[in-house]
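Those sequence lines, one after another, are chains L and A. Read in this note's numbering, the first sequence has 45 at position 45, and its numbers run on one by one without any break. So this note's numbering is basically just the index in the second sequence, starting at one, shifted up by 96. Just so you know, even glycine gets a beta-carbon here, dropped at the ideal spot from N, CA and C. Worksheet: the structure to be examined is printed underneath.
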Amino acid sequence: MPRIFIKSARIREIRGCSFSLLGDGRIRLRGITLVKLILRNKEYEVKPGMTLLSALEKISVIPESVIATRNGEMILDDEILKDGDEVKLIAVISGG
Amino acid sequence: MKCKKCGAKASVNMRQHKLALCKEHYLEWVPEQTERFIKKYEMFTHYEKILVAVSGGKDSLSLWDILVRLGYQADGLYLGLGIDGGINYSHESHRLAQKFADEHNLKLHVVDIEKEYGQPIPVLSEISHRGHGKPCAVCGLAKRHEMNRIARDLGYDVLATGHNLDDEAAVLFGNTLSWSSEYLLRQGPVLAASDGLARKVKPLCRFYEREMTAYCLLRGIEYIYEECPFAEGSQSIYYKELLNQLETTRPGAKLTFYLRFLEARKSGDLFVEQNFASAHLHACPKCGQPTSTDDLCSFCRMIEKANSIPTA
Numbered sequence: 001m002p003r004i005f006i007k008s009a010r011i012r013e014i015r016g017c018s019f020s021l022l023g024d025g026r027i028r029l030r031g032i033t034l035v036k037l038i039l040r041n042k043e044y045e046v047k048p049g050m051t052l053l054s055a056l057e058k059i060s061v062i063p064e065s066v067i068a069t070r071n072g073e074m075i076l077d078d079e080i081l082k083d084g085d086e087v088k089l090i091a092v093i094s095g096g
Numbered sequence: 097m098k099c100k101k102c103g104a105k106a107s108v109n110m111r112q113h114k115l116a117l118c119k120e121h122y123l124e125w126v127p128e129q130t131e132r133f134i135k136k137y138e139m140f141t142h143y144e145k146i147l148v149a150v151s152g153g154k155d156s157l158s159l160w161d162i163l164v165r166l167g168y169q170a171d172g173l174y175l176g177l178g179i180d181g182g183i184n185y186s187h188e189s190h191r192l193a194q195k196f197a198d199e200h201n202l203k204l205h206v207v208d209i210e211k212e213y214g215q216p217i218p219v220l221s222e223i224s225h226r227g228h229g230k231p232c233a234v235c236g237l238a239k240r241h242e243m244n245r246i247a248r249d250l251g252y253d254v255l256a257t258g259h260n261l262d263d264e265a266a267v268l269f270g271n272t273l274s275w276s277s278e279y280l281l282r283q284g285p286v287l288a289a290s291d292g293l294a295r296k297v298k299p300l301c302r303f304y305e306r307e308m309t310a311y312c313l314l315r316g317i318e319y320i321y322e323e324c325p326f327a328e329g330s331q332s333i334y335y336k337e338l339l340n341q342l343e344t345t346r347p348g349a350k351l352t353f354y355l356r357f358l359e360a361r362k363s364g365d366l367f368v369e370q371n372f373a374s375a376h377l378h379a380c381p382k383c384g385q386p387t388s389t390d391d392l393c394s395f396c397r398m399i400e401k402a403n404s405i406p407t408a
């Protein structure tokens, strides 16, 4: 686990990371956690805490064209995506 | 989001109906609605033998599953098109169709185009020069010919296909863009039988593609996830994507587009059936199926041409 010693007290947030303040003023940086969305062979990453709908808009995927599953369960547009979630997007449009 | 029926966590949200359902109630709702559409459009009865065109895809397998659950006499027909595309497409789709049939103790007729006629679809397409480098036109011709042949030869009363609302809306959209009135007049949930042609029905025509995917997933039906390798870049997929963009901001737009078209056509407000000189049909001298051409039907003519070319 990386240890980063930050002297300045002005740093309040490190993007995409979680961290804990140690008793002696040092900050322990935890592993970066994001939400992974997988559509066919493409992987996308978004920050946790947003809804599935927001995540799809962010990665420019039309919500009507996919069904999302997490841990084998279908999830809906209003589902909040959490740290470390892996969401599989199943394309519904077929041809042939 | 909660299930409208029981308040449990919803698995499927259908914005066009303002209806969210849990897994259990969704899997009840889909067959109920299918039965309603079968009756509404007078597609078939429980006394009739139904042949379901099964491709191994989500729609056809869902259709077969639903019809069996509703107690209909439904057998399957799989057409082996000989399409590989680097993913063994036809082999895999056949495997999944057969797996479904075996697991549910259902009869699946299998026709292999190459074994039956000497060449797979991609080769027939090259030889016949139909379709501008893609085999889709030949594929469609072969499927229609063979589905009708098997339905007729084996005494089925009706042929059912898994066309869903997205398929219908995309076709309607394309035909409207080009004002193809002859096709617009024929499009609908039921194509009546005529001399030599089996009745064709689309029991899933009011379900969104997304709903059928959800049905398959929740029922645990394994289907071929990959698209036909020749489908990439196809017009129908492009139209579906456009309509889905519309649907995202206007829930229900696709359904309204299709249903209002059917109503307008039925009421006579949209089209006046002019004196379309009905094509004079006669039986093809080789296969016996109806054709408007003077001699062999388009399919038999294509096969004859393919077989006349010496092989290396």
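For residue 270 of chain A, the secondary structure class from DSSP, reduced to helix, strand or coil, is helix. For the pair residue 402 of chain A and residue 214 of chain A, the CB atoms are nearer than the 8 Å cut-off. Near chain A, meaning a CB-to-CB distance below 7 Å, the residues of the segment 57-75 of chain L are 62, 63, 64, 65, 67 and 74. Around residue 97 of chain A, the beta-carbon contacts reaching into chain L at under 9 Å are 76, 77, 78 and 79. An exposed status is given to residue 345 of chain A, since fewer than 16 other beta-carbon atoms sit within 10 Å of its beta-carbon. Secondary structure note for residue 354 of chain A: its alpha helix (DSSP H) is the uninterrupted segment 349-363. With a cut-off of 8 Å on Cβ pairs, the segment 125-134 of chain A is in contact with the segment 295-314 of chain A, counting three or more such pairs. Nothing from the segment 230-251 of chain A brings a Cβ to less than 7 Å from some Cβ of chain L. Residue 225 of chain A: not part of any alpha helix (DSSP H); DSSP gives it neither H nor E. Residue 36 of chain L carries a strand assignment under DSSP once its states are collapsed to helix, strand and coil. Beta-bridge partners assigned by DSSP to residue 110 of chain A: A:115.
Contact check for residue 340 of chain A against residue 65 of chain L passes: the beta carbons are separated by less than 8 Å.
The C-alpha of residue 266 of chain A is placed about 25 Å away from the C-alpha of residue 128 of chain A.
Counting along the chain, residue 346 of chain A sits inside no alpha helix (DSSP H), nor does DSSP assign it H or E at all. Straight-line measurement puts the Cα of residue 405 of chain A at about 33 Å from the Cα of residue 204 of chain A. Contact check for residue 217 of chain A against residue 231 of chain A passes: the beta carbons are separated by less than 8 Å.
Note on residue 288 of chain A: under 16 other CB atoms within 10 angstroms of its CB, so exposed under the neighbour-count rule. Buried is the label assigned to residue 121 of chain A, since at least 16 other Cβ atoms lie within 10 Å of its Cβ. According to the DSSP assignment, residue 185 of chain A belongs to the alpha helix (DSSP H) that extends over 185-199. Linking residue 365 of chain A to residue 358 of chain A through their CA atoms gives a straight-line distance of about 11 Å. Beyond the five residues adjoining it in sequence on each side, residue 142 of chain A comes within less than 7 Å, by CB distance, of 167 and 168 in the same chain, given in chain order.
Residue pairing from DSSP places residue 204 of chain A in a beta bridge opposite A:172.
Around residue 54 of chain L, no beta-carbon contact reaches into chain A at under 8 Å, the shortest distance being about 13 Å. Closest option to residue 63 of chain L, judged by alpha-carbon separation, among A:247, A:336, A:353 and A:212: A:336. In the structure shown, residue 378 of chain A adopts extended strand secondary structure according to DSSP, grouped into three states. The C-alpha of residue 163 of chain A is placed about 24 Å away from the C-alpha of residue 112 of chain A. In this structure, the straight-line span from the alpha carbon of residue 383 of chain A to that of residue 245 of chain A is close to 8 Å. According to the DSSP assignment, residue 44 of chain L belongs to the beta strand (DSSP E) that extends over 42-46.
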